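Enquirer: According to full-length UniProt numbering, the stretch in the sequence shown is residues 1 to 362, in order.
Just so you know, even glycine gets a beta-carbon here, dropped at the ideal spot from N, CA and C.
All values reported here derive from a predicted model rather than from experimental measurement.
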Amino acid sequence: MYKIDKENIMQIFIKLLVLCSTLFLYCCNSDKINGTSDKTIPKPHKLPNKGPNNLQTKTRKPAETRTDTLTAENTITNKPPETRTDTLTAENTITNKPPETRVATLIDDEKQKFDVLINAFNKVIELKLLPDDELQKSQNFLNWIRSKDVQEQKELANAFTLVYDFLKDTKPSQLNNLTLTQLISNTLTCGATNQCNDTYTNIQDIQMFFTNVLKQASFQKDTNAMIFQALKIELLNPHHHGASSLGKKLYERRIRMQLKNDNNRTQAFNFLINAFPQDMYNTIYEILKIAVQHWAYTIMLDSILDHIHTELNKCNGNEAGKNNLAIRIKDYFVKAEQDNTSYTDHNIFNKFKTEVLSDCQK
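So, in structure tokens, the structure goes:
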């Protein structure tokens, strides 16, 4: 038996540590030597642990798996050109509809107006009421407008509304059995041949209107599209040369159309018109004409109508007061005419509200 001191114990301890370390390292590397480490066997139903081993497992995934995953993603995000082309085609089919599906249709009222207008122009050409150059140009235009889309026909029909309604409402009662087309045709024919009788009224006005409108629209116009635009202007504006020949009542009708949604001003306008006897209609006609021609005077006329309505309310139930107001309105404009005051003078409209007052008390 030998003596064990502290130094021997320390040396033994160190040798044991070296031995354990060697065994530990040998055991850790044995799986690489034998290639049977259970670390390569996936553990089912477990999430991978963080650490070096997990990284090693990820890097050992087959390349095919990563390639297939990328291919699948590309299949989803990069759609084939055929699919995108078909989608665009479908959208174009919806947004870019063929002209046939977008063309409007003439309603019965518009078709009737269009037919009346075109038939009247045909009669003007048939009777040769225009110079030769305008006749050929007008005939070409009528052929063109018949072949155009319905939209152009609608615009022309609506532009003709003012004159159409006027002719319809002023048709003699003894000719109610005739359509408006027949009435215009007969009037143009008898006017051209000097064979009219007392049955047909406004002969000169009707003949001058359709003749002058067509002539004015085609004069110095090089294309059918230009004639179309000019014709709409002639039909929409009764103060133009062609429309003014239809009669002074046309201006009155134009203003009534503007006032149709204003009952107060319509009532005042009726009172203003009735204040003038039939033989003095030229006086009120000049006022209406300037109001139709210039928007600024339309506003001034509205101001006069508002004033008349206010004064009429003061005379509610007082017929004598209303009669006196009508006389004062007539005398005011007659005096302006006698003084040779132009109706373009703003003072005629501006002074009306202070000089034309009823004697009724509110």
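Roughly how far, in whole angstroms, is the beta-carbon of I284 from the beta-carbon of I273, given that I think they are within contact range, below 8 angstroms?
Expert: The residue labelled residue 284 in the question sits at position 284 within the sequence shown. The residue labelled residue 273 in the question sits at position 273 within the sequence shown. Here I284 really is in contact with I273; their C-beta atoms are around 6 angstroms apart, less than 8 angstroms.
Enquirer: Please name the residue, chosen from D331, F271 and M10, that lies closest to E319 on a Cα-to-Cα basis.
Expert: Stepping through the sequence shown from its first residue, residue 319 is reached at position 319. When only C-alpha atoms are compared, the closest one is F271.
Enquirer: Label T341 either buried or exposed according to how many other C-beta atoms from any shown protein chain fall within 10 Å of its C-beta, with 16 as the threshold for buried.
Expert: Translated into the one-based positions of the sequence shown, residue 341 becomes position 341. Result: exposed.
Enquirer: Decide if the stretch 180 to 187 is in contact with the stretch 104 to 111; the criterion is three or more beta carbon pairs, one per stretch, under 8 angstroms apart.
Expert: no
Enquirer: Can you give the Cα-Cα distance for E234 and K353, rounded to whole angstroms?
Expert: Translated into the one-based positions of the sequence shown, residue 234 becomes position 234. Translated into the one-based positions of the sequence shown, residue 353 becomes position 353. Whole-angstrom Cα-Cα distance: 34 angstroms.
Enquirer: Count Cβ pairs between the stretch 145 to 152 and the stretch 207 to 214 that sit closer than 8 angstroms; are there 3 or more?
Expert: no
Enquirer: Given this structure, state the Cα-to-Cα distance separating K113 from V124, to the nearest angstrom.
Expert: One-based indexing of the sequence shown puts residue 113 at position 113. One-based indexing of the sequence shown puts residue 124 at position 124. Annotation: K113 to V124 spans about 17 angstroms, alpha carbon to alpha carbon.
Enquirer: Short check: CB of R256 to CB of H309, under 8 angstroms?
Expert: To locate residue 256, count along the sequence shown from 1; it is residue 256. To locate residue 309, count along the sequence shown from 1; it is residue 309. No, the pair does not count as a contact, with Cβ atoms beyond the cut-off.
Enquirer: Using the Cα positions of Q293 and Y343, report the straight-line distance between them to the nearest angstrom.
Expert: By one-based count along the sequence shown, residue 293 stands at place 293. By one-based count along the sequence shown, residue 343 stands at place 343. Each residue's alpha carbon lies about 12 angstroms from the other.
Enquirer: State buried or exposed for C20, treating a residue as buried only when at least 16 other CB atoms are found within 10 Å of its CB.
Expert: Translated into positions along the sequence shown, residue 20 becomes position 20. Looking at its Cβ environment, which holds fewer than 16 other Cβ atoms inside 10 Å, C20 is exposed.
Enquirer: By how many angstroms is the C-alpha of D165 removed from the C-alpha of K351?
Expert: Residue numbering aside, residue 351 sits at position 351 when the sequence shown is read from its first letter. Residue numbering aside, residue 165 sits at position 165 when the sequence shown is read from its first letter. Roughly 35 angstroms between the two C-alpha positions.
Enquirer: How many angstroms separate the CA atom of D279 from the CA atom of H346?
Expert: By one-based count along the sequence shown, residue 279 stands at place 279. By one-based count along the sequence shown, residue 346 stands at place 346. Rounded to whole angstroms, D279 to H346 spans 26 angstroms at the Cα level.
Enquirer: Return yes when the Cβ of S358 is within less than 8 angstroms of the Cβ of N324, no when it is not.
Expert: Position 324 of the sequence shown, counting from 1, holds the residue named residue 324. Position 358 of the sequence shown, counting from 1, holds the residue named residue 358. Yes.
Enquirer: Out of L312, V356 and K322, which has the shortest C-alpha to C-alpha gap to Y332?
Expert: To locate residue 332, count along the sequence shown from 1; it is residue 332. It is V356 whose Cα lies nearest to the Cα of Y332.
Enquirer: Spatial neighbours of R321 within its chain, please: C-beta separation below 7 angstroms, excluding the five flanking residues on both sides.
Expert: One-based indexing of the sequence shown puts residue 321 at position 321. One point to set straight first is that residue 321 is Gly, not Arg, in the sequence displayed. Result list for G321: C315, S358, D359 and C360, in chain order.
Enquirer: Is the stretch 220 to 236 in contact with the stretch 139 to 148, if contact means three or more CB pairs nearer than 8 angstroms?
Expert: yes
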